[in-house]
Amino acid sequence: MTEDDRAYLDVPFPEKDRARALGARWDAERRRWWVDLNRVSRDAVSAWLPAVAPRRSPGTATVRVRLLGLTGPCWKCHRPTTSVVGFLPVKSDDLDNMLVCRDEDILRHALGLLTDDVRAATSTGVVKSRYSHTEKRSYLSNGCFHCDMLLGNFHLYHRELREAIEHDALVTIARGAVGWAAVRDFLVPDNTWAGAVLHYDPTAAFFDGRLHGPLSGQSWEFDLSEWRPPLGGRPR
Ligand SMILES: [Zn+2]
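Each residue of the sequence shown is one higher than the last, beginning at 1105 in the working numbering.
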């Protein structure tokens, strides 16, 4: 347990037995009750959580996503390898809502979920910068799991991904959370993303009025006015 897992509580004296029954423990030095958030949910002790001072730092919201991949033969060694292609909210099956990794910024966010264990389990190559002789430049790219050759974007996004979507052939590489900052520039396509947000800070400046609906619970909706289809070029 780290210090961050401890939540200190403001428990009035007459309520101390109830707090103890819920798992609260007494810190004699600070003379306050606290709970281990690994064992006790914030909701269970919400009545005693001290008011939090507003924070202005952006990037505190996280979105629950699946990282999707497409498996096919490597052009060089012909062995099956998986390329990272995009993010979807965990609750969505609508691939029109995918944030597509053809965009280098989106692919960069995939790195956070792409641990060695996850790659090994799904035969996904390393995502890193490679030099492309075709494009005569280096860019962040998918590579072959076996031989590490660059797997270019052209076929992946102009033909293979569309076919895979039609045939429901995408594989889930990982599930996890990415920061709202990772998706905020790619306006959320429709309300299938509503409820995908795990946590957010209502004082965060970047919400800018773009987030509509109730500011609590799991029923947020998003402004779709600037949405562009993910396969149609970089949104915005
Ligand atoms: Zn290969």
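Each residue gets a CB set at the ideal place from its N, CA and C atoms; glycine is no exception.
Buried or exposed: residue i, going by 16 or more other Cβ atoms within 10 Å of its Cβ?
{"i": "residue 1207", "result": "buried"}
{"i": "residue 1235", "result": "exposed"}
{"i": "residue 1238", "result": "exposed"}
{"i": "residue 1226", "result": "buried"}
{"i": "residue 1152", "result": "buried"}
{"i": "residue 1350", "result": "Since the first residue shown for the chain is 1105 and the last is 1340, residue 1350 is missing from the structure and cannot be characterised."}
{"i": "residue 1213", "result": "buried"}
{"i": "residue 1245", "result": "buried"}
{"i": "residue 1172", "result": "buried"}
{"i": "residue 1132", "result": "exposed"}
Identify which residue in the options has its Cα closest to the Cα of residue i.
{"i": "residue 1184", "options": "1209, 1224, 1167, 1218", "result": "1224"}
{"i": "residue 1124", "options": "1133, 1138, 1134", "result": "1138"}
{"i": "residue 1251", "options": "1148, 1143, 1167, 1177", "result": "1177"}
{"i": "residue 1277", "options": "1229, 1147, 1128", "result": "1229"}
{"i": "residue 1194", "options": "1142, 1222, 1168, 1243", "result": "1168"}
{"i": "residue 1181", "options": "1248, 1143, 1211, 1222", "result": "1248"}
{"i": "residue 1259", "options": "1280, 1202, 1187", "result": "1187"}
{"i": "residue 1148", "options": "1179, 1111, 1133, 1241", "result": "1111"}
{"i": "residue 1140", "options": "1179, 1231, 1127, 1232", "result": "1127"}
{"i": "residue 1255", "options": "1275, 1115, 1232", "result": "1232"}
Should residue i be counted as a contact of ligand 1 given a C-beta to heavy atom distance under 8 Å?
{"i": "residue 1183", "result": "yes"}
{"i": "residue 1252", "result": "yes"}
{"i": "residue 1232", "result": "no"}
{"i": "residue 1248", "result": "yes"}
{"i": "residue 1180", "result": "yes"}
Under the criterion of a Cβ to heavy atom distance below 8 Å, does residue i qualify as lining ligand 3?
{"i": "residue 1135", "result": "As presented, the structure is devoid of ligand 3, carrying ligand 1 as its sole ligands."}
Worksheet entry | Sequence ranges, alpha helix (DSSP H) only - wholly within the region 1158–1218, length at least 4 | 1208–1214
Item to complete: Run through the region 1108–1140 for me and flag every whole beta strand (DSSP E) of 3 or more residues, listed as ranges in chain order.
Response: 1110–1113, 1129–1131, 1136–1140
Practice prompt. Could you tell me which uninterrupted alpha helix (DSSP H) segments, each at least 4 residues in length, are contained entirely in the region 1243–1285, listed from first to last along the chain?
Written response: 1265–1270
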